[in-house]
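Below is one structure, written out as structure tokens, with a few remarks after it.
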Amino acid sequence: MKISTKGRYGVRMLTDLAEHKNEGYIALKDIAERQNISKKYLEQIVPLLNKAGILKANRGFQGGYALAKDAEQITVGEVLRVTEGSIAPVACLDFEPVNCDRAAQCKTLFIWQGLYRTITDYLDGITIQDIVDNNMQDNYVI
0 MKISTKGRYG VRMLTDLAEH KNEGYIALKD IAERQNISKK YLEQIVPLLN KAGILKANRG
60 FQGGYALAKD AEQITVGEVL RVTEGSIAPV ACLDFEPVNC DRAAQCKTLF IWQGLYRTIT
120 DYLDGITIQD IVDNNMQDNY VI
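Under numbering that gives the first Met the number 0, the first residue of the sequence shown is numbered 0, with each subsequent residue one higher.
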């Protein structure tokens with residue numbers, strides 16, 4: 000499984016917003032500049048995060064973007080499911096119950112289910128606030 004730039008940039012954008020939450024609504028150009036990401040590319044990610052209720056927009060003078068909920072409530076798993084569509088390691092796990100004619104006879108299904116559980120537990124266990132806190136502690140620039 001590979002996470003695309005859309006997923007990675009979505010996490011970076013939300014982390015940036017969490018780091019600057021006390022500044023009100025943040026212009027997309029400011030996020031793009033700080034994160035060294037194309038503003039046009041961020042414009043493709045914004046509607047996905049907005050529709051999912053993760054991001055909110057304010058139009059007009061001093062407009063921009065802000066988190067729609069606390070950074071502690073937004074998990075990396077949630078962001079990746081919104082931006083990537085699925086984080087399942089194999090296509091047959093994209094649906095519950097497993098949507099595969101061979102599922103009952105599949106000798107390897109348990110492997111992919113275990114991997115999916117591990118990925119999901121890990122990514123849903125990390126919040127945007129965890130990223131902010133970790134970066135503040137280590138003085139990393141994301």
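Positions of the beta carbon are idealized from the N, C-alpha and C atoms, including for glycine. Given the structure is predicted, the values throughout are model-derived calculations rather than measurements.
Exercise. Give me the Cα-Cα distance between proline 88 and isoleucine 110, rounded to the nearest whole angstrom.
Key: 10 Å
Exercise. Give the secondary structure of isoleucine 25 by DSSP, where H, G and I count as helix, E and B as strand, and everything else as coil.
Key: strand
Practice problem: My understanding is that isoleucine 53 touches tyrosine 8, with C-beta atoms under 8 Å, so please give their C-beta distance in whole angstroms. | Solution: Not a contact, Cβ separation roughly 14 Å.
Practice problem: Give me the Cβ distance between lysine 38 and lysine 28, rounded to the nearest whole Å; I'm assuming they're in contact under 8 Å. | Solution: 6 Å
Quiz item: In angstroms, rounded to a whole number, what distance separates the CA positions of proline 96 and glutamate 22?
Solution: 44 Å
Quiz item: Less than 9 Å separating the beta-carbons of threonine 119 and isoleucine 73?
Solution: no
Quiz item: For isoleucine 25, which residues from the same chain have a beta carbon less than 8 Å from its beta carbon, with the 5 sequence-adjacent residues on both sides left out?
Solution: Asp15, Leu16, His19, Gly63, Tyr64, Ala65
Self-check item: Delimiting residues of the alpha helix (DSSP H) encompassing asparagine 98
Solution: Where asparagine 98 is concerned, there is no enclosing alpha helix (DSSP H), given that its DSSP letter is neither H nor E.
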